[in-house]
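For the sequence shown, counting from 1, position 66 maps to 66 in full-length UniProt numbering; every step adds exactly one.
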Amino acid sequence: MPIDYSKWDKIQLSDDSDIEVHPNVDKRSFIRWKQQSIHEERAKRNQDIKNLEFQVEMNSRLNQRVDKMTRQLTDEDLLSRDTVRKFLNANFDKNEKGEGENVDPDMPPYNEMVEDLFDQLEINAKKVNKDPKNGAVIREMITEHRKKIDAVTEQAHERLAQLYKERASLISSEDIHTGFDKGFVNKKSEQDEAASKYLPADKTTSQSTISLPPPPLQFISYEDDVMKLAPETVQFGNISTNDIQKSEQFLLANLPIISEQQKDALMMTAFEQQMEGQTEKAYQVIHQSELLGYVKEMYDMKKIPHLQPDELSAIIKMFFQRVLYNKVNDQGKKSFLDSVKAKFEHVKKRVKVMEEEETEEGVETIQLKSLNDSTELQVNLPDFGSNDPEEVKRIQAFKKLPSKMQNAVKSQSLDKINEVFAEMPVEEAEAILDIFNEGGVIGINALLEDESEFKELQAQYHNQPLNEEYDEGHVEQTEQEAEDFNTSDVVD
1 MPIDYSKWDK IQLSDDSDIE VHPNVDKRSF IRWKQQSIHE ERAKRNQDIK
51 NLEFQVEMNS RLNQRVDKMT RQLTDEDLLS RDTVRKFLNA NFDKNEKGEG
101 ENVDPDMPPY NEMVEDLFDQ LEINAKKVNK DPKNGAVIRE MITEHRKKID
151 AVTEQAHERL AQLYKERASL ISSEDIHTGF DKGFVNKKSE QDEAASKYLP
201 ADKTTSQSTI SLPPPPLQFI SYEDDVMKLA PETVQFGNIS TNDIQKSEQF
251 LLANLPIISE QQKDALMMTA FEQQMEGQTE KAYQVIHQSE LLGYVKEMYD
301 MKKIPHLQPD ELSAIIKMFF QRVLYNKVND QGKKSFLDSV KAKFEHVKKR
351 VKVMEEEETE EGVETIQLKS LNDSTELQVN LPDFGSNDPE EVKRIQAFKK
401 LPSKMQNAVK SQSLDKINEV FAEMPVEEAE AILDIFNEGG VIGINALLED
451 ESEFKELQAQ YHNQPLNEEY DEGHVEQTEQ EAEDFNTSDV VD
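What follows is the structure, given as C-alpha coordinates:
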(Lines of atoms letter the chains of each structure in order from A and count residues from 1; the text may use other names and numbers.)
(Lines give C-alpha, C1' and ligand atoms only; values in the text may rest on other atoms or scores of the structure.)
Protein backbone atom coordinates (compact mmCIF):
# COMPACT_ATOMS: atom_id res chain seq x y z
CA MET A 1 0.00 0.00 0.00
CA PRO A 2 1.58 3.34 -1.02
CA ILE A 3 1.92 5.83 1.80
CA ASP A 4 1.40 9.54 1.36
CA TYR A 5 3.99 11.49 3.36
CA SER A 6 2.85 14.94 2.22
CA LYS A 7 1.32 15.63 5.63
CA TRP A 8 4.79 15.89 7.14
CA ASP A 9 5.43 18.98 5.01
CA LYS A 10 3.04 20.89 7.26
CA ILE A 11 4.90 20.04 10.47
CA GLN A 12 7.72 22.25 11.74
CA LEU A 13 10.36 20.38 13.71
CA SER A 14 13.51 21.39 15.51
CA ASP A 15 16.64 19.28 15.63
CA ASP A 16 16.46 15.76 17.06
CA SER A 17 17.97 16.63 20.41
CA ASP A 18 15.27 19.23 21.09
CA ILE A 19 12.46 16.90 20.12
CA GLU A 20 13.64 14.18 22.46
CA VAL A 21 14.24 16.40 25.49
CA HIS A 22 12.29 15.19 28.50
CA PRO A 23 9.25 17.44 28.97
CA ASN A 24 10.12 18.12 32.61
CA VAL A 25 13.60 19.28 31.64
CA ASP A 26 13.37 21.95 28.96
CA LYS A 27 10.65 21.07 26.46
CA ARG A 28 8.72 24.30 26.94
CA SER A 29 11.67 26.45 25.95
CA PHE A 30 11.83 24.50 22.68
CA ILE A 31 8.23 25.29 21.75
CA ARG A 32 7.93 28.79 23.28
CA TRP A 33 8.52 30.51 19.95
CA LYS A 34 5.78 28.44 18.31
CA GLN A 35 3.33 29.15 21.12
CA GLN A 36 3.97 32.87 20.80
CA SER A 37 3.43 32.72 17.04
CA ILE A 38 0.18 30.77 17.47
CA HIS A 39 -1.15 33.20 20.08
CA GLU A 40 -0.25 36.22 17.97
CA GLU A 41 -1.90 34.81 14.83
CA ARG A 42 -5.02 33.83 16.75
CA ALA A 43 -5.24 37.24 18.45
CA LYS A 44 -4.81 39.04 15.13
CA ARG A 45 -7.46 36.87 13.47
CA ASN A 46 -9.94 37.54 16.28
CA GLN A 47 -9.13 41.23 16.16
CA ASP A 48 -9.68 41.35 12.38
CA ILE A 49 -13.00 39.56 12.79
CA LYS A 50 -14.21 42.05 15.40
CA ASN A 51 -13.14 45.01 13.28
CA LEU A 52 -14.81 43.70 10.13
CA GLU A 53 -17.98 42.75 11.99
CA PHE A 54 -18.21 46.27 13.37
CA GLN A 55 -17.60 47.74 9.92
CA VAL A 56 -20.39 45.64 8.42
CA GLU A 57 -22.72 46.52 11.29
CA MET A 58 -21.98 50.24 11.03
CA ASN A 59 -22.48 50.30 7.24
CA SER A 60 -25.79 48.51 7.67
CA ARG A 61 -27.03 51.11 10.19
CA LEU A 62 -25.94 54.01 8.00
CA ASN A 63 -27.48 52.47 4.86
CA GLN A 64 -30.83 52.09 6.63
CA ARG A 65 -30.90 55.81 7.27
CA VAL A 66 -29.69 56.84 3.82
CA ASP A 67 -32.10 54.50 2.00
CA LYS A 68 -35.15 55.67 3.93
CA MET A 69 -34.13 59.27 3.58
CA THR A 70 -33.67 59.10 -0.22
CA ARG A 71 -37.00 57.28 -0.63
CA GLN A 72 -39.13 59.71 1.39
CA LEU A 73 -37.42 63.09 1.01
CA THR A 74 -37.58 65.27 -2.08
CA ASP A 75 -34.57 66.87 -3.77
CA GLU A 76 -35.36 70.16 -2.04
CA ASP A 77 -35.58 68.42 1.34
CA LEU A 78 -32.09 66.99 0.83
CA LEU A 79 -30.72 70.52 0.55
CA SER A 80 -32.08 71.54 3.95
CA ARG A 81 -29.84 70.39 6.78
CA ASP A 82 -32.57 71.12 9.33
CA THR A 83 -35.09 68.98 7.40
CA VAL A 84 -32.61 66.08 7.19
CA ARG A 85 -31.85 66.30 10.92
CA LYS A 86 -35.52 66.31 11.92
CA PHE A 87 -36.24 63.38 9.59
CA LEU A 88 -33.41 61.25 11.01
CA ASN A 89 -34.28 61.99 14.64
CA ALA A 90 -37.97 61.25 13.99
CA ASN A 91 -37.31 57.87 12.36
CA PHE A 92 -34.17 56.64 14.15
CA ASP A 93 -32.71 56.76 17.63
CA LYS A 94 -30.59 59.89 17.64
CA ASN A 95 -28.32 58.45 20.36
CA GLU A 96 -27.64 55.14 18.63
CA LYS A 97 -23.92 54.70 17.97
CA GLY A 98 -21.30 52.01 17.50
CA GLU A 99 -20.30 50.05 20.58
CA GLY A 100 -17.53 47.60 21.33
CA GLU A 101 -14.13 47.29 22.94
CA ASN A 102 -12.37 48.53 19.80
CA VAL A 103 -14.76 51.42 19.07
CA ASP A 104 -13.72 55.00 19.78
CA PRO A 105 -15.93 56.19 22.65
CA ASP A 106 -16.00 59.66 21.03
CA MET A 107 -17.45 58.27 17.84
CA PRO A 108 -20.55 60.32 16.88
CA PRO A 109 -24.04 58.74 16.70
CA TYR A 110 -25.14 57.32 13.35
CA ASN A 111 -27.56 60.21 12.71
CA GLU A 112 -24.76 62.74 13.05
CA MET A 113 -22.54 60.68 10.75
CA VAL A 114 -25.23 60.88 8.03
CA GLU A 115 -25.50 64.65 8.53
CA ASP A 116 -21.71 64.94 8.20
CA LEU A 117 -22.00 63.02 4.93
CA PHE A 118 -23.87 65.95 3.39
CA ASP A 119 -20.96 68.27 4.25
CA GLN A 120 -18.58 65.92 2.47
CA LEU A 121 -20.89 65.61 -0.53
CA GLU A 122 -20.97 69.39 -0.94
CA ILE A 123 -17.16 69.51 -0.92
CA ASN A 124 -16.96 66.67 -3.47
CA ALA A 125 -19.53 68.38 -5.70
CA LYS A 126 -17.41 71.54 -5.85
CA LYS A 127 -14.32 69.50 -6.72
CA VAL A 128 -16.03 68.09 -9.85
CA ASN A 129 -17.62 71.44 -10.76
CA LYS A 130 -21.16 70.44 -9.82
CA ASP A 131 -23.74 72.63 -8.12
CA PRO A 132 -23.91 71.65 -4.38
CA LYS A 133 -27.19 73.61 -4.12
CA ASN A 134 -28.91 71.36 -6.66
CA GLY A 135 -30.97 68.64 -4.94
CA ALA A 136 -30.71 66.32 -7.93
CA VAL A 137 -26.90 66.54 -7.80
CA ILE A 138 -26.88 65.69 -4.09
CA ARG A 139 -29.18 62.71 -4.66
CA GLU A 140 -26.94 61.45 -7.48
CA MET A 141 -23.84 61.73 -5.28
CA ILE A 142 -25.61 59.93 -2.43
CA THR A 143 -26.36 57.07 -4.83
CA GLU A 144 -22.71 56.91 -5.92
CA HIS A 145 -21.56 56.95 -2.31
CA ARG A 146 -24.03 54.18 -1.52
CA LYS A 147 -22.49 51.97 -4.24
CA LYS A 148 -19.00 52.49 -2.80
CA ILE A 149 -20.23 51.49 0.64
CA ASP A 150 -21.80 48.35 -0.84
CA ALA A 151 -18.50 47.42 -2.52
CA VAL A 152 -16.57 47.88 0.73
CA THR A 153 -19.16 45.83 2.63
CA GLU A 154 -18.97 43.04 0.07
CA GLN A 155 -15.20 42.87 0.52
CA ALA A 156 -15.67 42.74 4.28
CA HIS A 157 -18.15 39.88 3.84
CA GLU A 158 -15.66 37.88 1.78
CA ARG A 159 -12.84 38.47 4.23
CA LEU A 160 -15.06 37.53 7.16
CA ALA A 161 -16.10 34.28 5.47
CA GLN A 162 -12.41 33.43 5.06
CA LEU A 163 -11.59 34.26 8.69
CA TYR A 164 -14.56 32.28 9.98
CA LYS A 165 -13.35 29.29 7.98
CA GLU A 166 -9.84 29.62 9.41
CA ARG A 167 -11.20 29.91 12.94
CA ALA A 168 -13.25 26.75 12.47
CA SER A 169 -10.36 24.74 11.01
CA LEU A 170 -7.73 25.86 13.56
CA ILE A 171 -9.33 24.59 16.73
CA SER A 172 -7.85 25.65 20.07
CA SER A 173 -8.12 24.19 23.55
CA GLU A 174 -11.14 26.31 24.50
CA ASP A 175 -13.02 24.89 21.53
CA ILE A 176 -12.67 21.28 22.70
CA HIS A 177 -15.85 19.57 23.84
CA THR A 178 -17.04 16.01 24.09
CA GLY A 179 -19.06 15.04 21.06
CA PHE A 180 -20.11 11.49 21.75
CA ASP A 181 -22.10 11.62 24.96
CA LYS A 182 -25.08 13.48 23.51
CA GLY A 183 -27.51 12.91 20.69
CA PHE A 184 -26.88 14.98 17.57
CA VAL A 185 -29.16 17.97 17.18
CA ASN A 186 -29.20 19.90 13.92
CA LYS A 187 -29.05 23.33 15.54
CA LYS A 188 -26.75 26.21 14.84
CA SER A 189 -24.19 27.09 17.52
CA GLU A 190 -24.19 30.52 19.16
CA GLN A 191 -20.96 31.34 17.32
CA ASP A 192 -22.54 30.47 13.97
CA GLU A 193 -25.63 32.48 14.84
CA ALA A 194 -23.42 35.50 15.53
CA ALA A 195 -21.32 34.95 12.41
CA SER A 196 -24.19 34.34 9.99
CA LYS A 197 -25.47 37.90 10.16
CA TYR A 198 -22.13 39.20 8.90
CA LEU A 199 -21.91 36.82 5.94
CA PRO A 200 -23.26 37.76 2.48
CA ALA A 201 -26.68 36.40 1.62
CA ASP A 202 -27.15 33.97 -1.27
CA LYS A 203 -28.65 35.94 -4.14
CA THR A 204 -31.24 33.20 -4.68
CA THR A 205 -32.18 33.07 -1.00
CA SER A 206 -33.79 35.67 1.20
CA GLN A 207 -31.86 36.95 4.19
CA SER A 208 -34.39 35.41 6.57
CA THR A 209 -33.62 31.84 5.38
CA ILE A 210 -29.81 32.02 5.52
CA SER A 211 -28.11 29.49 7.83
CA LEU A 212 -24.64 28.06 8.19
CA PRO A 213 -23.88 24.33 8.21
CA PRO A 214 -22.92 22.98 11.62
CA PRO A 215 -19.17 23.06 12.23
CA PRO A 216 -17.41 19.74 11.57
CA LEU A 217 -16.09 17.59 14.39
CA GLN A 218 -12.45 18.31 15.18
CA PHE A 219 -9.51 16.28 16.40
CA ILE A 220 -8.23 17.29 19.82
CA SER A 221 -5.15 19.46 19.38
CA TYR A 222 -3.91 21.86 22.05
CA GLU A 223 -2.13 24.60 20.11
CA ASP A 224 -1.11 26.50 23.24
CA ASP A 225 0.52 23.49 24.94
CA VAL A 226 1.71 20.70 22.63
CA MET A 227 2.57 18.49 25.61
CA LYS A 228 -0.96 18.57 27.03
CA LEU A 229 -2.94 15.33 27.07
CA ALA A 230 -6.71 15.09 27.00
CA PRO A 231 -8.16 12.98 29.85
CA GLU A 232 -9.36 10.44 27.27
CA THR A 233 -5.83 10.10 25.88
CA VAL A 234 -4.46 9.49 29.37
CA GLN A 235 -7.02 6.70 29.81
CA PHE A 236 -6.06 5.21 26.45
CA GLY A 237 -2.39 5.22 27.46
CA ASN A 238 -3.27 3.18 30.56
CA ILE A 239 -4.77 0.31 28.53
CA SER A 240 -2.61 -2.83 28.60
CA THR A 241 -0.79 -3.82 25.41
CA ASN A 242 -2.37 -7.27 25.78
CA ASP A 243 -5.93 -5.92 25.66
CA ILE A 244 -6.10 -5.04 21.96
CA GLN A 245 -9.88 -5.33 21.80
CA LYS A 246 -10.28 -2.78 24.60
CA SER A 247 -8.01 -0.35 22.72
CA GLU A 248 -10.14 -0.73 19.59
CA GLN A 249 -13.40 -0.10 21.42
CA PHE A 250 -11.93 2.89 23.24
CA LEU A 251 -10.79 4.51 20.00
CA LEU A 252 -14.19 3.95 18.39
CA ALA A 253 -15.77 5.74 21.34
CA ASN A 254 -13.21 8.57 21.47
CA LEU A 255 -12.38 9.48 17.88
CA PRO A 256 -11.13 13.06 18.57
CA ILE A 257 -8.00 11.83 20.41
CA ILE A 258 -6.60 10.41 17.15
CA SER A 259 -4.53 13.48 16.36
CA GLU A 260 -0.84 14.18 15.73
CA GLN A 261 -0.60 16.40 18.80
CA GLN A 262 -2.12 13.81 21.15
CA LYS A 263 -0.02 11.02 19.65
CA ASP A 264 3.20 13.02 20.13
CA ALA A 265 2.22 14.16 23.63
CA LEU A 266 1.52 10.56 24.69
CA MET A 267 4.82 9.44 23.18
CA MET A 268 6.74 12.05 25.20
CA THR A 269 5.37 10.68 28.49
CA ALA A 270 7.45 7.56 27.78
CA PHE A 271 10.59 9.58 28.64
CA GLU A 272 9.15 10.46 32.04
CA GLN A 273 8.16 6.85 32.73
CA GLN A 274 11.58 5.55 31.71
CA MET A 275 13.42 8.12 33.83
CA GLU A 276 11.36 7.01 36.82
CA GLY A 277 12.35 3.39 36.18
CA GLN A 278 8.88 2.32 35.00
CA THR A 279 10.10 0.47 31.92
CA GLU A 280 6.92 -1.53 31.32
CA LYS A 281 4.80 1.62 31.54
CA ALA A 282 7.10 3.38 29.09
CA TYR A 283 6.70 0.56 26.57
CA GLN A 284 2.93 0.59 27.08
CA VAL A 285 2.44 4.28 26.30
CA ILE A 286 4.71 3.99 23.24
CA HIS A 287 2.56 1.06 22.05
CA GLN A 288 -0.63 3.10 22.49
CA SER A 289 0.93 6.13 20.85
CA GLU A 290 1.83 4.02 17.82
CA LEU A 291 -1.78 2.83 17.58
CA LEU A 292 -2.88 6.47 17.34
CA GLY A 293 -0.14 7.19 14.79
CA TYR A 294 -0.94 4.24 12.49
CA VAL A 295 -4.67 4.97 12.43
CA LYS A 296 -4.16 8.71 11.89
CA GLU A 297 -1.73 8.08 9.02
CA MET A 298 -4.21 5.80 7.25
CA TYR A 299 -6.96 8.39 7.74
CA ASP A 300 -4.78 11.21 6.39
CA MET A 301 -4.28 9.25 3.17
CA LYS A 302 -7.92 9.98 2.39
CA LYS A 303 -7.14 13.73 2.54
CA ILE A 304 -10.25 14.52 4.58
CA PRO A 305 -9.76 18.01 6.08
CA HIS A 306 -11.72 17.30 9.26
CA LEU A 307 -13.01 14.45 11.36
CA GLN A 308 -15.57 12.26 9.60
CA PRO A 309 -16.79 9.74 12.22
CA ASP A 310 -17.96 7.10 9.71
CA GLU A 311 -14.75 7.19 7.69
CA LEU A 312 -12.47 7.13 10.75
CA SER A 313 -14.45 4.35 12.45
CA ALA A 314 -14.18 2.22 9.31
CA ILE A 315 -10.40 2.73 9.21
CA ILE A 316 -10.03 1.76 12.88
CA LYS A 317 -11.95 -1.48 12.33
CA MET A 318 -9.98 -2.27 9.18
CA PHE A 319 -6.62 -1.63 10.86
CA PHE A 320 -7.32 -3.84 13.87
CA GLN A 321 -8.85 -6.59 11.71
CA ARG A 322 -6.10 -6.74 9.09
CA VAL A 323 -3.09 -5.95 11.27
CA LEU A 324 -3.66 -7.00 14.87
CA TYR A 325 -6.35 -9.69 14.59
CA ASN A 326 -5.02 -11.33 11.41
CA LYS A 327 -3.91 -14.85 12.29
CA VAL A 328 -3.38 -15.91 8.69
CA ASN A 329 -0.77 -13.26 7.91
CA ASP A 330 1.01 -11.75 10.90
CA GLN A 331 3.45 -9.61 8.93
CA GLY A 332 1.44 -6.46 9.60
CA LYS A 333 1.41 -7.07 13.34
CA LYS A 334 5.11 -7.91 13.32
CA SER A 335 5.88 -4.67 11.48
CA PHE A 336 3.81 -2.70 13.99
CA LEU A 337 5.50 -4.28 17.01
CA ASP A 338 8.94 -3.75 15.44
CA SER A 339 8.12 -0.06 15.17
CA VAL A 340 7.07 0.03 18.82
CA LYS A 341 10.25 -1.77 19.86
CA ALA A 342 12.47 0.57 17.84
CA LYS A 343 10.94 3.65 19.46
CA PHE A 344 11.18 2.03 22.89
CA GLU A 345 14.89 1.30 22.41
CA HIS A 346 15.38 4.87 21.23
CA VAL A 347 13.70 6.24 24.36
CA LYS A 348 15.83 4.03 26.61
CA LYS A 349 18.99 5.15 24.83
CA ARG A 350 18.14 8.84 25.07
CA VAL A 351 17.17 8.59 28.75
CA LYS A 352 20.47 6.86 29.50
CA VAL A 353 22.38 9.63 27.72
CA MET A 354 20.49 12.33 29.63
CA GLU A 355 21.19 10.59 32.95
CA GLU A 356 24.89 10.31 32.10
CA GLU A 357 25.03 13.98 31.13
CA GLU A 358 23.34 14.94 34.38
CA THR A 359 25.86 12.87 36.35
CA GLU A 360 28.79 14.41 34.49
CA GLU A 361 27.59 17.91 35.28
CA GLY A 362 28.10 17.21 38.97
CA VAL A 363 27.15 19.54 41.80
CA GLU A 364 28.57 22.97 42.53
CA THR A 365 30.77 23.06 45.61
CA ILE A 366 32.99 25.64 47.29
CA GLN A 367 36.69 24.92 47.74
CA LEU A 368 39.35 27.05 49.37
CA LYS A 369 42.58 27.73 47.49
CA SER A 370 45.33 30.28 47.43
CA LEU A 371 45.18 33.23 45.06
CA ASN A 372 48.70 32.71 43.72
CA ASP A 373 51.81 30.58 44.09
CA SER A 374 53.59 32.98 46.45
CA THR A 375 50.93 32.67 49.16
CA GLU A 376 49.19 29.85 50.93
CA LEU A 377 46.18 29.63 53.21
CA GLN A 378 46.57 28.53 56.81
CA VAL A 379 43.98 27.51 59.40
CA ASN A 380 44.03 29.66 62.55
CA LEU A 381 42.41 28.19 65.64
CA PRO A 382 41.22 30.56 68.37
CA ASP A 383 42.86 30.46 71.79
CA PHE A 384 40.18 28.54 73.67
CA GLY A 385 41.72 29.42 77.11
CA SER A 386 42.06 33.15 76.49
CA ASN A 387 39.87 35.84 78.06
CA ASP A 388 40.90 38.41 75.48
CA PRO A 389 37.71 39.98 74.00
CA GLU A 390 38.90 39.39 70.44
CA GLU A 391 39.66 35.75 71.15
CA VAL A 392 36.32 35.34 72.89
CA LYS A 393 34.61 36.58 69.71
CA ARG A 394 36.61 34.09 67.64
CA ILE A 395 35.65 31.26 70.00
CA GLN A 396 31.97 32.21 69.74
CA ALA A 397 32.24 32.24 65.94
CA PHE A 398 33.96 28.83 65.98
CA LYS A 399 31.10 27.34 68.01
CA LYS A 400 28.65 28.40 65.27
CA LEU A 401 30.27 25.92 62.87
CA PRO A 402 28.72 22.45 62.38
CA SER A 403 30.49 19.78 64.41
CA LYS A 404 31.97 18.15 61.31
CA MET A 405 33.49 21.45 60.20
CA GLN A 406 34.74 22.15 63.74
CA ASN A 407 36.66 18.88 63.68
CA ALA A 408 38.10 19.71 60.26
CA VAL A 409 39.21 23.15 61.46
CA LYS A 410 40.77 21.64 64.59
CA SER A 411 42.87 19.39 62.35
CA GLN A 412 44.23 22.60 60.76
CA SER A 413 44.19 20.73 57.43
CA LEU A 414 42.89 22.71 54.45
CA ASP A 415 42.25 19.47 52.58
CA LYS A 416 39.93 18.17 55.29
CA ILE A 417 38.07 21.48 55.36
CA ASN A 418 37.59 21.27 51.58
CA GLU A 419 36.33 17.69 51.97
CA VAL A 420 33.60 18.95 54.30
CA PHE A 421 32.81 21.81 51.88
CA ALA A 422 32.47 19.27 49.04
CA GLU A 423 29.55 17.64 50.87
CA MET A 424 27.66 20.92 51.36
CA PRO A 425 25.27 22.80 49.08
CA VAL A 426 26.68 26.10 47.89
CA GLU A 427 24.24 28.13 50.02
CA GLU A 428 25.29 26.34 53.24
CA ALA A 429 28.98 26.60 52.35
CA GLU A 430 28.66 30.34 51.80
CA ALA A 431 27.20 30.69 55.30
CA ILE A 432 30.23 28.81 56.67
CA LEU A 433 32.53 31.23 54.87
CA ASP A 434 30.83 34.12 56.65
CA ILE A 435 31.57 32.44 59.99
CA PHE A 436 35.19 31.91 58.88
CA ASN A 437 35.40 35.64 58.24
CA GLU A 438 33.90 36.44 61.63
CA GLY A 439 36.33 34.17 63.48
CA GLY A 440 39.41 34.80 61.33
CA VAL A 441 39.73 31.07 60.78
CA ILE A 442 41.65 31.36 57.51
CA GLY A 443 44.90 33.34 57.35
CA ILE A 444 47.68 33.86 54.80
CA ASN A 445 51.26 32.64 54.70
CA ALA A 446 53.38 34.51 52.16
CA LEU A 447 57.03 34.57 51.21
CA LEU A 448 58.05 38.20 50.70
CA GLU A 449 61.31 39.61 49.39
CA ASP A 450 61.19 43.00 51.12
CA GLU A 451 58.99 45.42 53.07
CA SER A 452 57.61 47.11 49.92
CA GLU A 453 56.26 43.81 48.65
CA PHE A 454 54.66 43.22 52.04
CA LYS A 455 52.88 46.58 51.91
CA GLU A 456 51.68 45.87 48.38
CA LEU A 457 50.31 42.48 49.41
CA GLN A 458 48.74 44.00 52.51
CA ALA A 459 46.85 46.56 50.42
CA GLN A 460 45.81 43.88 47.91
CA TYR A 461 44.31 41.51 50.44
CA HIS A 462 42.73 44.20 52.57
CA ASN A 463 40.08 44.91 49.87
CA GLN A 464 40.16 41.61 47.95
CA PRO A 465 36.59 40.34 47.27
CA LEU A 466 35.70 36.68 47.33
CA ASN A 467 37.17 35.08 44.21
CA GLU A 468 35.30 32.42 42.25
CA GLU A 469 36.71 30.16 39.57
CA TYR A 470 34.35 27.85 37.64
CA ASP A 471 35.79 24.71 36.17
CA GLU A 472 34.05 21.56 34.88
CA GLY A 473 30.78 22.02 36.81
CA HIS A 474 32.27 22.81 40.26
CA VAL A 475 33.26 26.00 42.03
CA GLU A 476 36.66 26.76 43.52
CA GLN A 477 36.31 29.69 45.86
CA THR A 478 38.82 31.39 48.20
CA GLU A 479 37.85 32.98 51.45
CA GLN A 480 38.14 36.74 51.87
CA GLU A 481 41.08 37.34 54.11
CA ALA A 482 40.84 38.89 57.57
CA GLU A 483 40.59 42.63 57.46
CA ASP A 484 43.49 43.08 59.92
CA PHE A 485 46.65 41.92 58.15
CA ASN A 486 49.79 42.21 60.34
CA THR A 487 53.37 41.05 60.39
CA SER A 488 52.52 37.90 62.34
CA ASP A 489 50.92 36.56 59.16
CA VAL A 490 54.19 36.70 57.27
CA VAL A 491 56.88 34.03 57.31
CA ASP A 492 60.31 35.37 56.53
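Think of the CB as a built atom: it goes at the ideal place given N, C-alpha and C, for glycine as much as any other residue.
Here the structure is a predicted model, which means the values were calculated and not measured.
Report task. Answer yes if the stretch 256-269 comes into contact with the stretch 290-310, meaning at least three C-beta pairs across the two stretches below 8 Å, and no otherwise. Result -> yes
Query raised in the report: Going by C-alpha distance, which of 312, 287, 163, 233 is nearest residue 47?
Result: 163
Query raised in the report: Should residue 284 and residue 238 be called a contact, given that it needs their Cβ atoms to be closer than 9 Å?
Result: yes
Query - DSSP three-state assignment for residue 315, whether helix, strand or coil - result: helix
**Report entry** Span separating the alpha-carbon of residue 299 from that of residue 263
**Finding:** 14 Å
Query raised in the report: Over what stretch of residues does the alpha helix (DSSP H) that includes residue 403 continue unbroken?
Result: 403-410
Query raised in the report: Helix, strand or coil: how does DSSP classify residue 438 here?
Result: helix
Query raised in the report: DSSP beta-bridge partners for residue 428?
Result: None, per the DSSP bridge assignment.
Query - Where the alpha helix (DSSP H) through residue 284 begins and ends - result: 279-300
Query raised in the report: DSSP on residue 376, reduced to helix/strand/coil?
Result: strand
Query raised in the report: Are the stretch 424-442 and the stretch 394-404 in contact at 8 Å, needing three or more beta carbon pairs?
Result: yes
Query raised in the report: So, is residue 230 buried or exposed, given that buried needs 16 or more other C-beta atoms within 10 angstroms?
Result: buried
Query raised in the report: Which residues in the same chain as residue 265 place their Cβ atom closer than 6 Å to its Cβ, once the five residues preceding and following it in sequence are excluded?
Result: 227, 229
Requested in this report: Work out the CA separation of residue 248 and residue 217 for me, nearest whole Å.
Outcome: 20 Å
Query raised in the report: Going by the beta-carbon positions, is the gap between residue 421 and residue 431 smaller than 9 Å?
Result: no
Requested in this report: Leaving aside the five residues before and after residue 346 along the sequence, list all residues of the same chain whose C-beta is less than 6 Å from its C-beta, in chain order.
Outcome: none
Query raised in the report: Can you give the Cα-Cα distance for residue 165 and residue 45, rounded to whole angstroms?
Result: 11 Å
Query raised in the report: So, residue 87 versus residue 113, is the Cβ gap smaller than 9 Å?
Result: no
Report task. Report the option in 368, 84, 52, 342 whose CA atom is closest to the CA atom of residue 267. Result -> 342
Report task. With a threshold of 16 other CB atoms inside 10 Å of the CB of residue 153, please say whether the residue is buried or exposed. Result -> buried
Query - Collapsed DSSP secondary structure at residue 217 in the structure displayed - result: strand
Query - DSSP state of residue 229 mapped onto helix, strand, coil - result: coil
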